[in-house]
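The opening position of the sequence shown corresponds to residue 25 in the numbering used here, with each subsequent residue numbered one higher.
From the three backbone atoms N, C-alpha and C, an ideal C-beta is built for every residue, glycine too.
Note that the structure is predicted; figures quoted are calculated from it, not measured.
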Amino acid sequence: MMKKIVMTLAAAFVATAMSAQVYVGGSFGINAWNSQKNAGDRSETTFKILPEIGYNINDSWAVGTVIGYESDKWQGVAGVSESAFSFAPYARYTFAKCGKVNFFVDGGLGFTTASDADWTEVQVGFKPGLSVALSDKVSFVSHFGFLGYDTLNPDGDDNNISKFGLDLDGNNLTFGLYLNF
């Protein structure tokens with residue numbers, strides 16, 4: 025009897041795994057700016073890599089996480105560079121499908137910490153986006169905007185920054201590619 029139960033559970037697990045819709049991918053970015061002498065003669069170069077893995081539960085729901093790394097290098101300011109690590113699990117709801125284009129919203133929690141500069145950031149909210157199926161195995165994905173709560177806690181007392189609201193500026197725009205298995 026126990027052998028039949030174990031075999032049934034194993035068969036159910038294999039069937040689920042074989043029909044699994046796992047995706048991997050992510051996004052990356054590089055940004056550089058500088059100012060002239062009258063504006064402080066400063067510059068910054070930022071590099072981000074944000075790998076992502078997820079699982080499509082059904083046609084409407086998916087769960088996943090982004091595990092990211094960011095490196096900032098400055099010239100003309102105190103502190104030459106810093107590195108940050110981020111972890112952002114989410115649940116994705118696809119609310120509209122138009123052929124190969126899917127519109128979705130990610131609801132999740134983001135946590136970022138930088139050890140060199142000793143700060144942490146926590147985000148709770150929603151990020152709308154769209155996915156375009158370039159083929160059966162490759163998708164282009166974009167997120168734009170953020171609706172929710174964000175708090176930044178730099179080292180020290182009484183200097184936390186908190187904000188709540190809708191943010192649709194270019195700082196919340198990402199592009200990436202997914203490989204679908």
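- Annotation: the continuous beta strand (DSSP E) that includes N80 extends over 67 to 80.
- Remark: C-beta atoms of K97 and S107 do not approach each other more closely than 7 Å.
- In the structure shown, N184 adopts coil according to DSSP, grouped into three states.
- For D130, the uninterrupted beta strand (DSSP E) run begins and ends at 125 to 138, by DSSP.
- Looking at the backbone, the Cα of S139 and that of P75 are separated by about 20 Å.
- Spatial neighbours of G149 in its own chain (CB-CB distance under 7 Å, excluding positions within 5 residues in sequence) are listed in chain order as F170, L171, G172, Y173.
- Straight-line measurement puts the Cα of F168 at about 21 Å from the Cα of S186.
- The Cβ neighbour count for S84, taken over all protein chains shown within 10 Å, is under 16; the residue is labelled exposed.
- Under the criterion of beta carbons closer than 8 Å, S166 and T198 qualify as touching, at roughly 7 Å.
- For N184 and F109, the gap between their C-alpha atoms comes out near 19 Å.
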